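Protein chains in written order, with the numbering used here: chain H, 89 to 726; chain L, 89 to 726. Using N, Cα and C, we set each Cβ at its ideal position, and we do this for glycine too. Since the model is a prediction, treat every value here as computed from it, not as a measurement. To start, the structure under review is shown below, and the notes come after it.
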């Protein structure tokens, strides 16, 4: 347990749990991190699709951004209402479950789980993208750095993030602050230079134009840019965490987050246009992230540049943390409806949902390794899940308003309906535009997840039905005693102890020796002397002694067959198999003895029936103590 | 079991075993393969050390070979005598054990085991070396091909090599035949050209001279060349396999093998000198094995070349098979003296020593991967073990002659003594010459193995002493019944079945419910209705119901602590822990339920004592059957 203590900390009492009570100042870092950090990869994801248009491509970034910001504002109004309607937390899964029914809620659940895995992967890989932009020599180690950061985040989360809010404040505000300063600086320079500022650091050469502009291309650019919206639903999940008045505080927090995000998106895309940045190909030498180019162009590669890049790395890595906060909680909610293994609902030693954290870490690591830790490869998978969850949540709200019919229900339903329609269309656009690049993976993964959910639920239901008992116990003080089987290898203390236990349970004992070849006369003699005689002297029937030949030298198979036959012959009796086990000091000593005991137990469990019970009869031996054994034997006799 | 059947074949009856009875014609392939195939890598290993001498180096191959052949002849006479003295098989381990005592025999055992692992690795890698010489495009896949061949050999050996002799005859005689033809052809061309034959295929350019000749270098060349002698002890291990007169047949076989090997070594080294072959660097582009150059130079790269190369590949791979034949048998012999885990002595379904084969395969694979499948990297490790075993065997024979004092004992002792001295000196020479290149690994590995042997034996001895019983069993028909513990989660059929079993064993039952948080009133109610009332109605004491609080949400720990405390409180009573287990149709369903039952059982085994027994009370549920359950329930009642 010591390594565990060191790594994830000492256990925490259940009663030590307490609710956090936060206001907007701490709410923005906690719930806004994921959303705000999207500004670091959304515009870049869009821009990199414009590479084939060469210098001309940069011109299209502004209208695309305008469309994305409009979408953001619509989503904002929708979620404001969700917050008001579900003050105890209205995640997409919950809203869909209450209002739309089982299947849509599973769809939302599958979409959200996919989304969280991608959030973790994209956050980390984008953060590392910022790092390798600042220090290009690290480029070949992208995947290793990604996995390292993932490991640290996992450990932190396994320890439990109690004061996470405070730790998150500095990097979040640093990130927003430095980016806003950069944007402001860029605007001032643009004004001073009459619209054509000269970059302070050399820009990568603009790409050659290899393709003409098309509606299809712009659609794809829009779809990629939409990833900038991911994470805005976080506040609606966490209304409960805000101090009174909860709804007001949550709404205020959401407003600030959306305003800041819109400002960042607008500022970045405007500066991209006036400076004429062209994206570089990630994962290749010479790659530089968009924000890296932007800051370097406005302020040069000085202290401020490195400070901003550091805050970007931190914020993006921490945005992966959002997934670690939400994924296990969502899994727990799904598991409590029996759609996921119940293990997701157990809280470990540190009061966190250990299983969820570990599963998320493993899946994220897999994703990072398979996609080489490059954000752009992950983006096509990303937006589908997020927007699908948005859509279901919004339509769930429409049903909610209609059911509850408050004073302005129609207006509210209209706002959420508009949000739902817009995000729904976006899902379709993203699906079509990104299908070939990888959205199909999401499209395969979500139904598979739903299938899995349903199978799990069906299984739990079957088990529940099959095991629920409204029958009283039948005390078995009457009736026949069980038949006890004791496998015997040679006459030893281990065997003696097992036989003594057997004789305590039942007068009907069968000792079985499996004979794979050489005939053992010795055992027969020992048996007579050490077992049959004492039993007769005690006036009881000695155990039956059966020798099973084993022409194929198997030990377990004839034994199991014998027991199964016996059980069939006596369908009204219980059979108890007493398995003598040698327990030693060190685990490695285990390999020096055959593991037939364990194997027999396991085989009986798999092939047996409800009337066959296996007993481990442990005999303890310690190498240090063996010389002292006789003494121990004495004291036992006394 | 079906995959196993397919892969390694159906089980074989112990009674179907039969001894092979062979003569020299089949004895040469079986026992000579390892020795003869050494001709394929021994001279090359020597020659490659002469690379730094440039063209001059080639001149030194003839005197070095002469020394090696002299050594071979001395070893030959020694082993002729060993065969006569140990007609039932005189491996180094056996001879050392009978004549020199425990420690030398362990030294021989460790040396031989090391040697066999290396034989397997060197055989395969040299075979693949021949392959990549013939098809250089395969060079990058060296390791993969090595591991693939190893896998095939392993499977063949797990199936059991019943008619191996016949299968070995063709490649062995093809190998010897083609090589002898090549040597003869080379000699004829040398004579016809007046001592300076022109090679038919282009030779690689001779290396530049980068070093002057030194005694030290020649010593290293000799050490490497000595690997050509490995494998000559095989006949002495297998005298029993020969048909009557066994000793004569075995000696005849040994004579032919040694004669052929000497001929091959002499022929190859003479042709190397007259053609002026220089070794190429293995593992690097442009590598060509010495025999490949030789055959190509004499006959060109025609059909004959590819036929010979194929026979070399086959013979070398099959020589790895020698290790697979001997390693498991040696392990068995060592295990029967308790120096290795007894598992090495069990014969599997195909009458072969499965454990030994698997362990050898794993170690060989490791060696091949670590050393990149290049023979030259393995050679420095090789000769030490083999020659150490030779030496111990020879000196063992000296003691043997002295003890038995037959008519010519002194002459016999002298021959073996000379053999022992010469091989002993060779061990030292090889150790010194090859120390830095890797012989130190052997020097570390052998003492580690001996240490391991002794620990294993000590452990078995301790267990034997501690468990051997000359005490009679004490039938426990009197005295107090055990205390039965039943962990209860919720009221279910699983729980009901466990309780009914418990009530059969003892009237004293304690049901324990661990409460990690929420209070379960339901369980209390169920307990009263379904357990307490029926027990009272049956007129017996109902089980005690204990609720253990668990502030840290652990389930197993409080339970185990309770049981241990109870056991301490009642030092004279047995405790039986009945663990309800749910057994399902499919293994993957296992993950849907917590494995607390198994964990509890395991923890009890590790932390418990001899008075605590655990019982698996299995409850079987099949998803298909659950709708049919009520019926099953009915029939059970009836």
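(message) I need the DSSP call for residue 110(L), collapsed to helix, strand or coil.
(response) strand
(request) Taking only beta-carbon positions, decide if residue 52(H) is within less than 8 angstroms of chain L. (result) Missing from the structure shown is residue 52(H); chain H here goes from 89 to 726 and no further.
(request) Sort 591(H), 224(H) and 672(H) by Cα distance to residue 574(H) and report the nearest one. (result) 591(H)
(request) Taking only the alpha-carbon atoms, compute the straight-line gap between residue 499(H) and residue 166(H) and give it to the nearest angstrom. (result) 11 angstroms
(message) Give the list of continuous beta strand (DSSP E) stretches no shorter than 3 residues that lie fully inside the stretch 617 to 673 of chain H.
(response) 632 to 637 and 663 to 671
(message) Would residue 708(L) pass as an interface residue toward chain H - the criterion being a Cβ-Cβ separation below 8 angstroms?
(response) yes
(message) Using C-beta distances below 6 angstroms, list every residue in its chain close to residue 245(H), excluding the 5 sequence neighbours before and after it, in chain order.
(response) 412 and 445
(message) Let me check understanding here. Comparing Cα to Cα, which of 619(H), 658(H) and 636(H) lies closest to residue 628(H)?
(response) 619(H)
(request) Inspect the beta-carbon positions of residue 146(H) and residue 308(H) and report whether they are closer than 8 angstroms. (result) no
(request) Rounded to whole angstroms, what's the CA-CA distance from residue 353(L) to residue 157(L)? Just pull it up for me. (result) 8 angstroms
(request) Check the DSSP bridge columns for residue 573(L) and list the partner residues they point to. (result) 598(L) and 665(L)
(request) Within its chain, find whatever has a CB closer than 6 angstroms to the CB of residue 548(H); leave out the 5 residues flanking it on each side and keep chain order. (result) 426
(message) Across the stretch 369 to 385 of chain L and the stretch 175 to 182 of chain L, are there enough close Cβ pairs to call them in contact, namely three or more that are closer than 8 angstroms?
(response) no
(request) List the residues of chain H that residue 551(L) touches, going by C-beta distances under 9 angstroms, in chain order. (result) 670, 672, 677, 680, 681, 709, 711 and 714
(request) Check whether the stretch 197 to 214 of chain H touches the stretch 378 to 398 of chain H, counting contact only when three or more Cβ pairs, one atom from each stretch, lie closer than 8 angstroms. (result) no
(message) If distances are taken between C-alpha atoms only, which option among 342(L), 222(L) and 193(L) comes closest to residue 111(L)?
(response) 342(L)
(message) Taking the straight line between their C-alpha atoms, what separation do you get for residue 552(L) and residue 707(H)?
(response) 13 angstroms
(request) Using a Cβ cut-off of 9 angstroms, pull out every chain H residue sitting near residue 658(L), in sequence order please. (result) Simply none; closest approach about 15 angstroms.
(request) Would you kindly report the start and end of the unbroken beta strand (DSSP E) that includes residue 701(H)? (result) 700 to 708
(request) Between the Cα of residue 476(L) and those of 435(L), 519(L), 259(L) and 672(L), spot the shortest distance and give me the residue it belongs to. (result) 519(L)
(request) Using beta-carbon positions only, say whether residue 598(L) and residue 570(L) come within less than 8 angstroms of one another. (result) no
(message) In the DSSP output, what is residue 603(H) paired with across the bridge?
(response) 637(H)
(request) Say whether chain H places a C-beta atom closer than 8 angstroms to the C-beta of residue 429(L). (result) yes
(request) Indicate the three-state DSSP secondary structure (helix, strand or coil) for residue 580(L) in the structure shown. (result) strand
(request) Count the other C-beta atoms from every protein chain shown that fall within 10 angstroms of the C-beta of residue 222(H), then say buried if there are 16 or more, exposed otherwise. (result) buried
(message) Measuring CB atoms only, is the stretch 124 to 135 of chain H touching the stretch 310 to 326 of chain H, in the sense that at least three cross pairs come out at less than 8 angstroms?
(response) yes
(request) Return yes when the Cβ of residue 163(H) is within less than 8 angstroms of the Cβ of residue 702(H), no when it is not. (result) no
(request) Name the residue from 623(H), 305(H), 568(H) and 372(H) whose alpha carbon lies nearest to the alpha carbon of residue 465(H). (result) 372(H)
(message) Taking only three categories from DSSP, how would you classify residue 365(H)?
(response) coil
(request) Note down the Cα distance separating residue 656(L) from residue 559(H), rounded to an integer number of angstroms. (result) 35 angstroms
(message) Alpha carbons only, please: which of 647(H), 670(H) and 210(H) is nearest the one belonging to residue 403(H)?
(response) 210(H)
(message) Against chain H, does residue 539(L) count as a neighbour if the rule is that its beta carbon must be under 8 angstroms from one of theirs?
(response) no
(message) To the nearest angstrom, how far is the alpha carbon of residue 647(H) from that of residue 636(H)?
(response) 8 angstroms
(message) With a threshold of 8 angstroms between beta-carbons, can residue 570(L) be considered close to chain H, or not?
(response) yes
(message) Could you check whether residue 128(L) and residue 467(L) sit closer than 8 angstroms to each other, using their CB atoms as the reference points?
(response) no
(message) Given this structure, state the Cα-to-Cα distance separating residue 366(H) from residue 291(H), to the nearest angstrom.
(response) 9 angstroms
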